[in-house]
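Visitor:
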Amino acid sequence: MGDGNYSTYIFLGALIVLMFWMTSRTKKRQRAAEEFRDNLAVGQEVMTGSGLFGTIVAVDGERVTLRSGTGADASTSEWLRQAVAKVVEPVQEVQGEPDADDAGDTAAGDTDGSTDKDMRGTAASDE
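Take the sequence shown: its letter number 72 is residue 72 in UniProt numbering, and every next letter is one higher.
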């Protein structure tokens, strides 16, 4: 038995440990995704894997019915549970006028009114 055999065994052992670790992480992700799909409920705002946003209006076995759009533009479509990628928080529209701080285009700390072009010209002329 030479030193080469020990390093081969160590390498194979590390490879086997790595394979088991990767397999366990994959199984954990699959369980989490399955639990997520099992907990889908009517009224949730979701996004599908292809990027469609909608509200769940019915859950029937492996099918989920989504309503997308509002008012006269609203439509429904059926999707597999597996197509739902994530639950999204509904966007809350804020009524009112923008703050006075948001009205200007100046960045924080940039109060002299100079533009980036002015700054580049100044830096180039200083050299």
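We put the beta carbon where it would ideally sit given N, CA and C, even for glycine. Remember, it's a predicted structure, so these values are computed and weren't measured experimentally.
Taking the C-alpha atoms as reference points, what is the distance between Leu-40 and Met-19?
Guide: Position 40 of the sequence shown, counted from the first residue, corresponds to residue 40. Position 19 of the sequence shown, counted from the first residue, corresponds to residue 19. About 32 Å.
Visitor: Are there 16 or more other CB atoms within 10 angstroms of the CB of Ile-64, so buried, or fewer, so exposed?
Guide: The sequence position of residue 64 within the sequence shown is 64, counting from 1. A small fix is needed here, since residue 64 is Val in this sequence, not Ile. With 16 or more other Cβ atoms within 10 Å, it is buried.
Visitor: Using 10 angstroms around the beta-carbon of Ile-10, count the other beta-carbons present and answer buried if the total reaches 16, otherwise exposed.
Guide: By one-based count along the sequence shown, residue 10 stands at place 10. Counting Cβ neighbours within 10 Å, Ile-10 comes out exposed, since fewer than 16 surround it.
Visitor: Please classify Trp-79 as buried or exposed, where buried requires at least 16 neighbouring CB atoms within 10 angstroms.
Guide: For this step, residue 79 is matched to residue 79 along the sequence shown. Buried, because 16 or more other Cβ atoms sit within 10 Å of the Cβ of Trp-79.
Visitor: Hey, how far is the Cα of Thr-76 from the Cα of Ser-68?
Guide: As a first step, residue 76 is located in the sequence shown; it is residue number 76 there, counting from the start. As a first step, residue 68 is located in the sequence shown; it is residue number 68 there, counting from the start. Spanning the two alpha carbons is a distance of roughly 6 Å.
Visitor: Could you check if Ile-56 is buried or exposed, using at least 16 other CB atoms within 10 Å of its CB as the buried criterion?
Guide: The count along the sequence shown starts at 1 and reaches residue 56 at position 56. By the 10 Å Cβ count, Ile-56 comes out buried.
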